[in-house]
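S.K.: Let me give you the structure first, and then I'll get to my questions.
Number of protein chains: 2
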Amino acid sequence: MSDSHQNGVKEKPLYEPSILHDIDFEGNHCSTYNPEISHTNPGEGLLMRPLCREDYDNGYIQLLSQLTTVGDISREEFDARYRSMDDCLDSYYITVIEDTSTGQVIASGTLVKEQKFIHKCSARGRIEDIVVDDKYRGRQLGKLILDVLTILSKKVGCYKVSLECLDKLVPFYSQFGYKTEDKQNYMCRRYND
Amino acid sequence: MSDSHQNGVKEKPLYEPSILHDIDFEGNHCSTYNPEISHTNPGEGLLMRPLCREDYDNGYIQLLSQLTTVGDISREEFDARYRSMDDCLDSYYITVIEDTSTGQVIASGTLVKEQKFIHKCSARGRIEDIVVDDKYRGRQLGKLILDVLTILSKKVGCYKVSLECLDKLVPFYSQFGYKTEDKQNYMCRRYND
Numbered sequence: 001m002s003d004s005h006q007n008g009v010k011e012k013p014l015y016e017p018s019i020l021h022d023i024d025f026e027g028n029h030c031s032t033y034n035p036e037i038s039h040t041n042p043g044e045g046l047l048m049r050p051l052c053r054e055d056y057d058n059g060y061i062q063l064l065s066q067l068t069t070v071g072d073i074s075r076e077e078f079d080a081r082y083r084s085m086d087d088c089l090d091s092y093y094i095t096v097i098e099d100t101s102t103g104q105v106i107a108s109g110t111l112v113k114e115q116k117f118i119h120k121c122s123a124r125g126r127i128e129d130i131v132v133d134d135k136y137r138g139r140q141l142g143k144l145i146l147d148v149l150t151i152l153s154k155k156v157g158c159y160k161v162s163l164e165c166l167d168k169l170v171p172f173y174s175q176f177g178y179k180t181e182d183k184q185n186y187m188c189r190r191y192n193d
Numbered sequence: 001m002s003d004s005h006q007n008g009v010k011e012k013p014l015y016e017p018s019i020l021h022d023i024d025f026e027g028n029h030c031s032t033y034n035p036e037i038s039h040t041n042p043g044e045g046l047l048m049r050p051l052c053r054e055d056y057d058n059g060y061i062q063l064l065s066q067l068t069t070v071g072d073i074s075r076e077e078f079d080a081r082y083r084s085m086d087d088c089l090d091s092y093y094i095t096v097i098e099d100t101s102t103g104q105v106i107a108s109g110t111l112v113k114e115q116k117f118i119h120k121c122s123a124r125g126r127i128e129d130i131v132v133d134d135k136y137r138g139r140q141l142g143k144l145i146l147d148v149l150t151i152l153s154k155k156v157g158c159y160k161v162s163l164e165c166l167d168k169l170v171p172f173y174s175q176f177g178y179k180t181e182d183k184q185n186y187m188c189r190r191y192n193d
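As given, the protein sequences belong to chains A and B, one line each in that order. Sequential numbering from 1 applies to the first sequence in the UniProt record's numbering. Sequential numbering from 1 applies to the second sequence in the UniProt record's numbering.
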């Protein structure tokens, strides 16, 4: 049990924390940081780590509600969803930043690894649901999460990684090596909203 | 064992075949078919069903190679990937059409269900890797797979379903209720090609 609390990681992380700490940030990232921060040192009093089961009590749902509609989620519903993500091995890399002074989750981003048969049984990465708490904006944390998830996508074997974003964010995401692709469209069908 | 061969479904389908057969095609689909075909009757001598483990021997990899690079995939590699998709419960709905006279898989499409915490622990559907064998084009099979996977996405609880496509295919996908979204971009970073 003491082992699982190393590096500030709490009970039952969604993925193996060493994957995050082993990434070669220096050799890969496309962004510049001023002041310098990294996944091992995201800022004073801040800690980057996988989502943990107990983050239900650490403001994770409230954080997501700054991004979009979340609704009331009971502990049982959270646990069930957490468990089913966890059962999909090597699929959901939800990465958060914790303010260690309060224990609250103040930023989050998701890398989903989608398994393929094409490209010699390769995989495709998807960046989803990036959010930084209002009170922590301007500290380069969104940028840091993006860089980390992008590097992670390559490390876990994705042949490509993609995301969707609004027009105004194209320049932002371009700094991470993402490009809009010629003649390529994103189409969507919505059922509820 | 005899039970698993009902409806032409072979050993170890990737998802429960009844999900496919239970869909309410009539009440949902957006396309018109002439001549009339459906998921239960995709054409003479054709059968729609989930991907099965033994489709490695039924031309599934060769079919995918009409879509993009697949490369040499050994039975062991196929089985390992199939198993890891299968272990991700309710995630990979790979749906194929078989020519029952030859036993060969002649069309395929994938619905991936991505689990979320947002929208009250909802899920998002993704349509991927639609391909119809050259020799079977013009029989509305791509359209049929799209309709089926789209209806399936709603049935399995997705709040939205999306896909990426080339400019020239926007009118095609529009008939299934897919829309390009205003100011919304798709961005990609490729590692190998």
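Think of the CB as a built atom: it goes at the ideal place given N, C-alpha and C, for glycine as much as any other residue.
#1: Please classify His39 (chain A) as buried or exposed, where buried requires at least 16 other C-beta atoms within 10 Å of its C-beta.
#2: According to DSSP, is Asn34 (chain A) helix, strand or coil?
#3: Please go through the same chain and pick out, in chain order, the residues whose beta-carbon is closer than 7 angstroms to the beta-carbon of Lys12 (chain B), but skip the five residues on each side of it.
#4: Out of B:Arg189, B:Val161, B:Tyr173, which one is the CA nearest neighbour of Tyr191 (chain A)?
#5: Answer with yes or no whether the minimum CB distance from Met48 (chain B) to chain A is below 8 angstroms.
#6: Drop a sphere of 10 angstroms on the beta-carbon of Lys116 (chain A), count the other beta-carbons inside from all chains shown, and report buried for 16 or more, exposed for fewer.
#7: Leaving out five residues before and five after Gly45 (chain B) in sequence, what residues of the same chain have Cβ atoms less than 7 angstroms from its Cβ?
#8: Just to confirm my understanding: we take Tyr82 (chain B), look at its own chain, exclude 5 residues before and 5 after, and list those with CB closer than 6 angstroms. What are they?
#9: Within 8 angstroms (strictly less), CB to CB, does residue 272 (chain B) reach chain A?
#10: Mind checking whether Leu149 (chain B) and Ala107 (chain B) have CB atoms under 8 angstroms apart?
#11: Strictly below 8 angstroms CB to CB, what residues from chain B border Cys52 (chain A)?
#12: Output, in chain order, the set of chain A residues within a Cβ distance shorter than 7 angstroms of Ser31 (chain B).
#13: Going by the CB atoms, is the gap between Ile130 (chain B) and Ile151 (chain B) shorter than 8 angstroms?
#14: When you check each C-beta in the segment 162 to 178 of chain B against every C-beta of chain A, which residues fall closer than 9 angstroms?
#15: Take every Cβ of the segment 109 to 123 of chain B, pair it with every Cβ of the segment 88 to 97 of chain B, and state whether three or more of those distances are shorter than 8 angstroms.
#16: For chain B, is any of its Cβ atoms less than 8 angstroms away from the one on Tyr191 (chain A)?
#17: Would Val70 (chain B) pass as an interface residue toward chain A - the criterion being a Cβ-Cβ separation below 8 angstroms?
#18: Is Asp147 (chain B) closer than 8 angstroms to Leu63 (chain B) when the C-beta atoms are compared?
M.R.: Reading off the structure:
#1: Locating residue 39 (chain A) in the first sequence gives position 39, counting from the first residue. His39 (chain A) should be labelled buried.
#2: Locating residue 34 (chain A) in the first sequence gives position 34, counting from the first residue. DSSP places Asn34 (chain A) in coil when its eight states are reduced to three.
#3: Taking the second sequence and counting its residues from 1, one reaches residue 12 (chain B) at position 12. The answer, listed in chain order, is Cys52, Arg53.
#4: Counting from one through the first sequence, the residue named residue 191 (chain A) turns up at place 191. Closest by alpha carbon: B:Val161.
#5: As a working mapping, residue 48 (chain B) is identified with position 48 in the second sequence. By this cut-off, Met48 (chain B) is not an interface position.
#6: Indexing the first sequence from 1 puts residue 116 (chain A) at position 116. It is buried - the Cβ of Lys116 (chain A) has at least 16 other Cβ atoms within 10 Å.
#7: As a working note, residue 45 (chain B) is residue 45 in the second sequence. Counting only Cβ-Cβ distances below 7 angstroms, and skipping sequence neighbours, we find Asp99, Thr100, Ser101.
#8: For the purposes of this step, residue 82 (chain B) is identified with residue 82 of the second sequence, where counting begins at 1. Once the five neighbours on either side are set aside, the close Cβ partners of Tyr82 (chain B) are Arg53.
#9: Any answer about residue 272 (chain B) is impossible in this case: the structure gives chain B only from 1 up to 193.
#10: Working through the second sequence from its first residue, we reach residue 149 (chain B) at position 149. Working through the second sequence from its first residue, we reach residue 107 (chain B) at position 107. Their beta carbons are not under 8 angstroms apart, which means Leu149 (chain B) does not touch Ala107 (chain B) by this criterion.
#11: To locate residue 52 (chain A), count along the first sequence from 1; it is residue 52. Here the premise fails: no neighbours, minimum Cβ distance about 13 angstroms.
#12: Taking the second sequence and counting its residues from 1, the one referred to as residue 31 (chain B) is at position 31. Per Cβ cutoff of 7 angstroms: no residues; Ser31 (chain B) is ~13 angstroms from chain A at best.
#13: Counting from one through the second sequence, the residue named residue 151 (chain B) turns up at place 151. Counting from one through the second sequence, the residue named residue 130 (chain B) turns up at place 130. Their beta carbons are not under 8 angstroms apart, which means Ile151 (chain B) does not touch Ile130 (chain B) by this criterion.
#14: Ser162, Leu163, Glu164, Cys165, Leu166, Asp167, Lys168, Leu169, Val170, Tyr173, Ser174, Phe176, Gly177, Tyr178
#15: yes
#16: Taking the first residue of the first sequence as position 1, residue 191 (chain A) is located at position 191. Chain B contact via Cβ: present.
#17: In the second sequence, counting from the first residue as 1, residue 70 (chain B) sits at position 70. With 8 angstroms as the cut-off, Val70 (chain B) counts as an interface residue toward chain A.
#18: The residue labelled residue 63 (chain B) in the question sits at position 63 within the second sequence. The residue labelled residue 147 (chain B) in the question sits at position 147 within the second sequence. Result no, Cβ atoms of Leu63 (chain B) and Asp147 (chain B) do not sit closer than 8 angstroms.
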